[in-house]
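Asker:
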Amino acid sequence: ANAATNNLCPARGGYALYTGGQEQECTRRLSLMGDLRKAIEQNELLLYCQPKVDIASRRVCGAEALVRWQHPVHGMLATMEFIKLAENAALITPLTHWMLDAVFSQSYAWREAGQERALSVNLSAHDLYDPLLIDRVQGLFSTWGVRPELIQFELTESALMEEPSMALEALTKLKKLGIRLFIDDFGTGYSSLSYLQKLPVDSIKIDQSFVMPMVESNDSAVIVRSTIELGHNLDMEVVAEGVDSQAVWDLLATLECDVAQGYLMSMPMPAEQFSDWESEWEGHLTKGKL
Ligand code: C2E
Ligand code: MG
Ligand code: MG
Ligand code: MG
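Residue numbering for the sequence shown follows UniProt numbering, beginning at 360 and increasing consecutively.
(1) For V505, which of helix, strand or coil comes out of DSSP?
(2) In three-state terms, what does DSSP make of P490?
(3) Does any heavy atom of ligand 3 sit closer than 6 angstroms to the C-beta of E641?
(4) Since D413 sits in a beta bridge, which residues does DSSP pair it with?
(5) What residue range is occupied by the uninterrupted beta strand (DSSP E) comprising Q511?
(6) Please identify the residue among S638, I563, T502 and V496 whose C-alpha is closest to the C-alpha of L519.
(7) Just to confirm the assignment, what range does the alpha helix (DSSP H) spanning I538 have?
(8) Rounded to whole angstroms, what is the Cα-Cα separation between A477 and E596?
(9) Does the separation of the CB atoms of A445 and L487 fall below 7 angstroms?
(10) Looking only at C-alpha atoms, which of F463, I587, R470 and E440 sits nearest to G546?
(11) Give the DSSP-derived three-state secondary structure of M435 in the structure shown.
(12) When you compare only the Cα positions, how much space is there between I448 and H485?
(13) R388 by DSSP, collapsed to three states: which one?
(14) Determine the direct distance from the alpha carbon of P523 to that of K557, and round the result to whole angstroms.
(15) Secondary structure at G601, three-state DSSP: helix, strand or coil?
(16) Keeping to the same chain, check which residues put their C-beta closer than 8 angstroms to that of V574; ignore five residues upstream and five downstream.
(17) Under 6 angstroms from any heavy atom of ligand 3, by CB: list those residues in chain order, please.
(18) In its own chain, which residues sit with a C-beta less than 6 angstroms from the C-beta of S517, not counting the 5 before and 5 after it?
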């Protein structure tokens, strides 16, 4: 057993007694880990996209790229679960590389079809320590000829806080490539204002746990409002995630939030369906139905 195995199955590290149930769970995770390695190698992951919509104009202003894994036996797996698995099993680097390839080739395909569209990719904390990341991204820009403004990266506030000085270094290099950077799940980490101010980020995404209840919960509404003000004071664009009702949209519009993402507009969809979805959305817009 190597470190990765122990990490997934603490019982096998020899410091915990395990029951049958735990052993079963370990076996399941170990076999999923092997399956995930194969899925990445054999190109069985899927690229999904969820629209981001500019609140003032109601126009689509980009999309978030989200990975999906359709397991041959277990079906579509929960993303959070296999991302955690990938992070613990040192598979996040190949997964991120797979996503980057998928995102650049999608971006190229859209441009060929006359549709330029910004796409954001989620990075894990580990990606910030990947010595090959910058070269890889640079290589993809020259291979596909995608404009830097169209590629964006999302990093969670907690990933940035794991090794703040390394994170700052990595973000600075990415920023030099012309990439736009977002702080994801904002409000759930513990970044200080002074650190935040040093980061070369363009945008913050308010975590859905504050956005979803903001109509019923005054506490959440206060947090969302202060985050919007904070972002604007630091010259950042503010995105709200988890916008799943008209009431939430309306309140965000009142608070002058810039961008909304959530089930109200659309769930994440296979990338190849995005253009059709967007035409339909634009159609409703021009007919004044939105
Ligand atoms: P995230 O980056 O915060 O992505 C937003 C998640 O919220 C997505 O879940 C999306 O489907 C979900 N969501 C969006 N709007 C709504 C809504 O209105 N209601 C509800 N209930 N949910 C909404 P998903 O796709 O399952 O992804 C979960 C997390 O997994 C992501 O959170 C991100 O942290 C991670 N993830 C996804 N794809 C990747 C990837 O390619 N690489 C890495 N490193 N992480 C990824
Ligand atoms: Mg994200
Ligand atoms: Mg998020
Ligand atoms: Mg989130």
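Just so it is clear, CB atoms sit at the ideal spot from N, CA and C, and this is done for glycine as well.
Answerer: On the basis of the data shown:
(1) Start at 1 with the first residue of the sequence shown, and residue 505 comes out as number 146. Here V505 sits in coil by DSSP.
(2) Locating residue 490 in the sequence shown gives position 131, counting from the first residue. Reduced to three states, the DSSP call for P490 is coil.
(3) By one-based count along the sequence shown, residue 641 stands at place 282. In this structure, ligand 3 has no non-hydrogen atom nearer than 6 angstroms to the beta-carbon of E641.
(4) Numbered from 1 along the sequence shown, position 54 holds the residue referred to as residue 413. Checking the DSSP bridge columns, you'll see D413 partnered with V618.
(5) One-based indexing of the sequence shown puts residue 511 at position 152. For Q511, the enclosing beta strand (DSSP E) begins and ends at I510 to T515.
(6) Counting from one through the sequence shown, the residue named residue 519 turns up at place 160. For L519, the nearest C-alpha among the options comes from I563.
(7) Position 179 of the sequence shown, counting from 1, holds the residue named residue 538. Following the DSSP letters along the chain, one finds I538 in no alpha helix (DSSP H), marked with neither H nor E.
(8) To locate residue 477, count along the sequence shown from 1; it is residue 118. To locate residue 596, count along the sequence shown from 1; it is residue 237. Computed Cα separation, rounded: 15 angstroms.
(9) As a working mapping, residue 445 is identified with position 86 in the sequence shown. As a working mapping, residue 487 is identified with position 128 in the sequence shown. Going by C-beta atoms, A445 is not nearer than 7 angstroms to L487.
(10) Taking the sequence shown and counting its residues from 1, the one referred to as residue 546 is at position 187. Checking every option, the nearest Cα to that of G546 belongs to I587.
(11) Taking the sequence shown and counting its residues from 1, one reaches residue 435 at position 76. Three-state result, M435: strand.
(12) By one-based count along the sequence shown, residue 448 stands at place 89. By one-based count along the sequence shown, residue 485 stands at place 126. The sequence shown places Ala at residue 448, not Ile. A448 and H485 have their alpha carbons spaced roughly 11 angstroms apart.
(13) Taking the sequence shown and counting its residues from 1, one reaches residue 388 at position 29. Helix at R388.
(14) By one-based count along the sequence shown, residue 557 stands at place 198. By one-based count along the sequence shown, residue 523 stands at place 164. Those two C-alpha atoms are separated by around 10 angstroms.
(15) The residue labelled residue 601 in the question sits at position 242 within the sequence shown. Of the three classes helix, strand and coil, the one that applies to G601 here is coil, per DSSP.
(16) Here residue 574 refers to the residue found at position 215 of the sequence shown. Cβ contact annotation for V574 (same chain, cutoff 8 angstroms, sequence separation greater than five): A580, S604, A606, V607 and L610, in chain order.
(17) Qualifying residues come out as D543, D544, K564 and E600.
(18) Walking along the sequence shown from the start, residue 517 turns up at place 158. Closer than 6 angstroms at the Cβ level, and outside the excluded window around S517, lie G548.
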